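**Q** Residue numbers (the working numbering): 3 to 535.
From the three backbone atoms N, C-alpha and C, an ideal C-beta is built for every residue, glycine too.
Bear in mind that the values here come from a model prediction, so they are computed numbers and not experimental data.
First, the structure itself, so that you have it in front of you.
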């Protein structure tokens, strides 16, 4: 069985499998948090091929945690961190949507997808029906139908993508028009000079544009981040829709001409092949009707045939017009769905996903705690299983004291304990980073303070040269000049960021012991003559 025969025989089953896969993919995408957590749990809990079987043989550790325990906690921490939010985050999400004016919007829901799928099927069916007779004239009927169906689905998918982008671009343009109208009606003399001056990187977690006008705050959070409208997808999609509509209508007209050309009733000067002439009704010439009667009968037959052909032609044209209107209405529906759903803000979708099922802050906080408890319980259960497997595999083989000590204190190492330790370590790293930035800024200020007098001395160099020519200098002055030049050269030398950061960290971590401090003060007193050596 070749490929064409296979598709022709099982195309209905293949379509059912494809539709089922699409539905399951959509459901998995909508519930991906739960699905990914289920896969993580399955990866560790599988009886024969579970990851715990290999981790239980690893006794490497850092003195506090086994490496295998760290691997388990890190895998579950990915899911736990998705719910590391509080009521303040809920308020910030609400504020973000309010700034964008998208509090009442939503993403594409399941019934929108159903509607778009129906539109896709109707378009593909109409395209394939029209193109089947002209795709490949040498192919069999089944092969031509399969090729036409594949091409029709491709056209329908491209149309769905372009109409979706067109609708979304129309929505973005409507927001930009609102922003521009608000900007033009703003009489504040301190308003920005133009709409291109926006503060970027305004996120849910971090924003510093509270003093900006509302329209500028909205513009700073848009994906396009500019104050000009765009019409690229709109023009391209409209042109593509019109071209497709004209081509499909033209194909249908050609089909009509082909059918009428094969119909004997619609051929000029001919009668239907199944009928008989008026003279054949008479057996001999003596009883033949008058020629006027024959001519009148022939004209009546021709007139009836012409009326049938004209009615078929006109009915077909009306049908083509209705199909073209239906095609345009389907594109308008797809465009409206894209215009009415989705978000223009960079993080509006994230904010909407976070708060869509929670009408109050308390509900959100309760939900977050519940999800954290679920993940922590699953992680602790996996850690307990890992400890049990490690005790069986390492208790009789290991001779390391640190391994035995960690095995005895396994109950104290829970998932939440790991999360707390990780949070403390991140806080320490952030503090060190901030301290490094402060020290670096101080060192840069010191360097700039040295460079400024150096620049002034360089600008006065011609005067110094003139004085040196007119007045001889002493050896001491020459030595001072050489030392000054050396100091200026050292001031001009700058270290790399990595070297400077390492030096600053070393200085920050250096702690003077009491003995060192006592010796330093003693040497100072000796140099001042207040204390004898």
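Pick helix, strand or coil for residue 196, following the three-state DSSP scheme.
**A** coil
**Q** Under a Cβ-count criterion, where at least 16 other Cβ atoms within 10 Å of its own Cβ denotes burial, should residue 216 be classed as buried or exposed?
**A** Counting other Cβ atoms within 10 Å of its Cβ, residue 216 stays below 16 and is therefore classed as exposed.
**Q** With 8 Å set as the bound, which would you pick, yes or no: does the beta-carbon of residue 411 sit closer than that to a beta-carbon of chain B?
**A** Among the chains in the structure shown there is no chain B, since it carries only a single protein chain.
**Q** Provide the residue(s) that pair with residue 63 in DSSP beta bridges, ordered along the chain.
**A** According to DSSP, residue 63 bridges with 68.
**Q** Is it true that the CB of residue 118 sits closer than 8 Å to the CB of residue 158?
**A** no
**Q** Output the distance between the C-alpha atoms of residue 70 and residue 376, rounded to the nearest integer angstrom.
**A** 21 Å
**Q** Going by DSSP, what residue range makes up the alpha helix (DSSP H) through residue 145?
**A** Residue 145 -> alpha helix (DSSP H) spans 143-187.
**Q** Starting from residue 202, trace the alpha helix (DSSP H) both ways and give me its first and last residue.
**A** From DSSP, residue 202 is part of no alpha helix (DSSP H); its letter is neither H nor E.
**Q** Of all the options 176, 256, 219, 73, which has the alpha carbon lying nearest to the alpha carbon of residue 53?
**A** 73
**Q** Flag this pair as yes or no: are the beta carbons of residue 380 and residue 85 separated by less than 8 Å?
**A** no
**Q** Compute the Euclidean distance between the alpha carbons of residue 100 and residue 407, then round it to the nearest angstrom.
**A** 55 Å
**Q** Nearest by alpha-carbon distance to residue 150: which of 128, 160, 251 is it?
**A** Of the candidates 128, 160, 251, the one whose C-alpha sits nearest the C-alpha of residue 150 is 128.
**Q** Does DSSP put residue 344 in a helix, a strand or coil?
**A** coil
**Q** State the start and end residues of the unbroken alpha helix (DSSP H) segment that holds residue 391.
**A** Note, residue 391: alpha helix (DSSP H), 363-396.
**Q** Return yes when at least one heavy atom of the ligand MN lies under 7 Å from the C-beta of residue 381, else no.
**A** The model depicted lacks the ligand MN and carries no ligand whatsoever.
**Q** Would you tell me roughly how many angstroms separate the C-alpha atoms of residue 125 and residue 40, rounded to the nearest one?
**A** Computed Cα separation, rounded: 38 Å.
**Q** Which one or two residues does DSSP pair with residue 224 in a beta bridge?
**A** 347
**Q** With DSSP as the reference, label residue 42 as helix, strand or coil.
**A** helix
**Q** Helix, strand or coil for residue 409, going by three-state DSSP, please let me know.
**A** helix
**Q** Where do the N-terminal and C-terminal ends of the alpha helix (DSSP H) with residue 117 fall, by residue?
**A** Note, residue 117: alpha helix (DSSP H), 112-133.
**Q** Straight-line CA distance for residue 346 to residue 174?
**A** 6 Å
**Q** Just how far apart, CA to CA, sit residue 189 and residue 209?
**A** 25 Å
**Q** Report all residues from its chain with a CB closer than 8 Å to the CB of residue 61; omit the five preceding and five following residues, and keep chain order.
**A** Non-local C-beta neighbours of residue 61 in its own chain, meaning closer than 8 Å and more than five positions away in sequence, comprise 68, 392, 396, 400, 402, 405, ordered along the chain.
**Q** Starting from residue 235, follow the alpha helix (DSSP H) in both directions and report where the run begins and ends.
**A** 234-263
**Q** How is residue 472 classed by DSSP in three states: helix, strand or coil?
**A** Any answer about residue 472 is weak, because its pLDDT of 49 lies below 50 and its placement is not dependable; what the coordinates show is given next. Of the three classes helix, strand and coil, the one that applies to residue 472 here is helix, per DSSP.
**Q** Is residue 95 buried or exposed, if buried means 16 or more other CB atoms sit within 10 Å of its CB?
**A** buried
**Q** Answer yes or no: do residue 148 and residue 231 have a C-beta to C-beta separation smaller than 8 Å?
**A** No; because the gap between Cβ atoms is not below 8 Å, this pair is not in contact.
**Q** From residue 168 to residue 338, what does the alpha carbon distance come to, in whole angstroms?
**A** Approximately 9 Å, taken between the alpha carbons.
**Q** Could you tell me the alpha carbon to alpha carbon distance between residue 132 and residue 250, rounded to whole angstroms?
**A** Distance between the alpha carbons of residue 132 and residue 250 is about 7 Å.
**Q** Note down, in chain order, each residue of its chain lying with its Cβ closer than 6 Å to the Cβ of residue 341, except the 5 sequence neighbours on either side.
**A** 169, 172, 173
**Q** For residue 51, which of helix, strand or coil comes out of DSSP?
**A** coil
**Q** Taking the beta carbon of residue 394 as the centre, do at least 16 other beta carbons fall within 10 Å, making it buried, or is it exposed?
**A** exposed
**Q** Measuring only the C-alpha atoms, how far is residue 374 from residue 83?
**A** Going by the C-alpha atoms only, they are around 9 Å apart.
**Q** I need the DSSP call for residue 209, collapsed to helix, strand or coil.
**A** Secondary structure at residue 209: coil, using DSSP grouped into helix, strand and coil.
**Q** Cβ of residue 204 within 8 Å of Cβ of residue 182?
**A** no
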